[in-house]
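**Q**
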Amino acid sequence: ILMVNRTGAGGATGSVSVKNAKPDGYTMLFARVGSHSVNPAMKATLPYTLDDFRFVGVYEINPVACAVKADSDIKSMADLVAQVQANPGKVSYSSAGVGSLLHLAGAMVLREFGVENPMKDAIHIPLKGGGAAATAILAGTSTFICTNSSALASFVKNKQLRPLMVTTAEPVVGFDAPTAADLGKPNLHKLVGWTGIAGPKGLPDDVAAKWRDYMAQATADQGFLDKMTARGSVIRLMNPEESEAFILDQYTIFRKLVDDLGMRIKG
Numbered sequence: 001i002l003m004v005n006r007t008g009a010g011g012a013t014g015s016v017s018v019k020n021a022k023p024d025g026y027t028m029l030f031a032r033v034g035s036h037s038v039n040p041a042m043k044a045t046l047p048y049t050l051d052d053f054r055f056v057g058v059y060e061i062n063p064v065a066c067a068v069k070a071d072s073d074i075k076s077m078a079d080l081v082a083q084v085q086a087n088p089g090k091v092s093y094s095s096a097g098v099g100s101l102l103h104l105a106g107a108m109v110l111r112e113f114g115v116e117n118p119m120k121d122a123i124h125i126p127l128k129g130g131g132a133a134a135t136a137i138l139a140g141t142s143t144f145i146c147t148n149s150s151a152l153a154s155f156v157k158n159k160q161l162r163p164l165m166v167t168t169a170e171p172v173v174g175f176d177a178p179t180a181a182d183l184g185k186p187n188l189h190k191l192v193g194w195t196g197i198a199g200p201k202g203l204p205d206d207v208a209a210k211w212r213d214y215m216a217q218a219t220a221d222q223g224f225l226d227k228m229t230a231r232g233s234v235i236r237l238m239n240p241e242e243s244e245a246f247i248l249d250q251y252t253i254f255r256k257l258v259d260d261l262g263m264r265i266k267g
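According to this note's numbering, the sequence shown holds residues 1 to 267 in order.
1. If you measure between the beta carbons of S233 and E60, is that distance less than 7 Å?
2. Rounded to whole angstroms, how far is the Cβ of F30 from the Cβ of T195, which I believe are closer than 8 Å?
3. If we count Cβ pairs, one from each stretch, closer than 8 Å, do we get three or more for the region 139-159 versus the region 201-215?
4. Quick check: the region 126-136 against the region 87-96, are at least 3 beta-carbon pairs closer than 8 Å?
5. Since I believe R32 is in contact with S17 (beta carbons under 8 Å), could you give me their beta-carbon distance rounded to a whole number of angstroms?
6. Measure the alpha-carbon distance for N158 versus V56 and round it to whole angstroms.
7. Suppose you measure from the CA of A21 to the CA of V166; what does that come to, to the nearest Å?
8. Which of helix, strand or coil does DSSP assign to S94?
9. Using CA coordinates, which residue listed in G202, Y251, K266, V58 is at the minimum distance from P40?
10. Are the Cβ atoms of F254 and S37 separated by less than 7 Å?
11. Which residue marks the beginning of the alpha helix (DSSP H) containing T141, and which one marks its end?
12. Over the uninterrupted alpha helix (DSSP H) stretch that includes G196, give me the two end residues.
13. Would you report the Cα separation of R264 and A78, rounded to the nearest angstrom?
14. When we look at the beta-carbon of N62 and count the other beta-carbons within 10 Å, is it buried (16 or more) or exposed?
15. Kindly indicate which three-state DSSP category E241 falls into: helix, strand or coil?
16. Pick out whichever of E116, L138, A67, G140 has its Cα sitting closest to the Cα of G262.
17. Please give the ranges of any beta strand (DSSP E) in the region 42-76, keeping only runs that are unbroken, at least 3 residues long and fully inside the region.
18. Please classify P204 as buried or exposed, where buried requires at least 16 neighbouring CB atoms within 10 angstroms.
19. Is the beta carbon of I123 sitting closer than 7 Å to the one on A67?
20. Quick one: grab the DSSP three-state call for F30.
21. Can you tell me which of S35, P118, D52, K201 puts its alpha carbon nearest to the alpha carbon of I23?
22. Beta carbon of P126, beta carbon of V81: below 7 Å?
23. Would you decide whether K69 is buried or exposed? Buried here means 16 or more other CB atoms lie within 10 Å of its CB.
This is how it looks when you write it as structure tokens:
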């Protein structure tokens, strides 16, 4: 397998290259939440739709965690929301850029916790990548971040960042923080990162089945499971129908949030 990191436009460049590839199983896509849930929900124009791909399966769920600097006086989500409501336009959150999962996540979390207009009441700080977004919290130039748990795991382990919440119903290994279920926010269970493998539309059944076998072997490998769990990921192979329903459901929720808050990106 030759891995090609085709960067650009939040995953759109790589996605288009697979959309336009011959559907023979030799050119496949590691699709992500950004390319197939956030991009379609936030961008007014996109050179592909969800229907342009055939998903073999989603195999990784990457919970979203919200965190602050370890020495922050914000100890909980209640503290964070109280600060936003008491000081509108003063509290900030960093992201990997306009239209990224982090951008949407910060707004969605605040909205779920009662901040009616997070686009106005909190300051969004877009940066070049998730690493820069996390570093901004450490540097004190941003108040909080909501991003994939895997991106924060090392900072949390080293006690540089304090997690306030994870969006899953179940606790996440290494994150001593309440879940969205604990906090009575089940809508946030949809706010997760994920990875899946997809081919172009028209991928034959036998080819999809062969890739499915590869994925089943990989996700049953203990070494793989140990490494991914240590990074905060949850490994569970969804079947194609479950994968497509999951992605569509997440997209629908994100699209409604974008419409409600006027977050649509033109062009």
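Every residue gets a Cβ at the ideal spot worked out from N, C-alpha and C, and that includes glycine. Keep in mind it's a predicted model, so treat the numbers as computed, not measured.
**A** Looking at the atomic coordinates:
1. In contact: S233 and E60 (Cβ atoms closer than 7 Å).
2. Going by Cβ atoms, the distance from F30 to T195 rounds to 6 Å, so yes, they are a contact pair.
3. The region 139-159 is not in contact with the region 201-215.
4. Under the Cβ criterion (8 Å, minimum of three pairs), the region 87-96 counts as touching the region 126-136.
5. The Cβ separation is near 15 Å, so there is no contact.
6. C-alpha separation (whole angstroms): 37 Å.
7. When rounded, the distance between both Cα atoms is 37 Å.
8. S94: strand per DSSP, three-state reduction.
9. Of the candidates G202, Y251, K266, V58, the one whose C-alpha sits nearest the C-alpha of P40 is Y251.
10. Yes. Within cutoff.
11. Per DSSP, T141 is not a residue of any alpha helix (DSSP H), being assigned neither H nor E.
12. Per DSSP, G196 is not a residue of any alpha helix (DSSP H); the beta strand (DSSP E) it occupies stretches across 192-200.
13. Rounded to the nearest angstrom, the two C-alpha atoms are 28 Å apart.
14. In the assembly as shown, N62 is a buried residue. Its beta-carbon has 16 or more other beta-carbons within 10 Å.
15. When DSSP states are grouped into helix, strand and coil, E241 belongs to the helix group.
16. The shortest C-alpha separation from G262 is found at E116.
17. Those beta strand (DSSP E) runs which fall completely within the region 42-76 and span 3+ residues are 53-69.
18. By the 10 Å Cβ count, P204 comes out exposed.
19. In this structure, I123 sits away from A67, with a CB-CB distance that is not shorter than 7 Å.
20. Here F30 sits in strand by DSSP.
21. Strictly speaking, residue 23 in this sequence is Pro, with Ile absent from that position. With distances taken between Cα atoms, P23 lies closest to K201.
22. No; because the gap between Cβ atoms is not below 7 Å, this pair is not in contact.
23. The residue in question, K69, is buried, as its Cβ has 16 or more Cβ neighbours within 10 Å.
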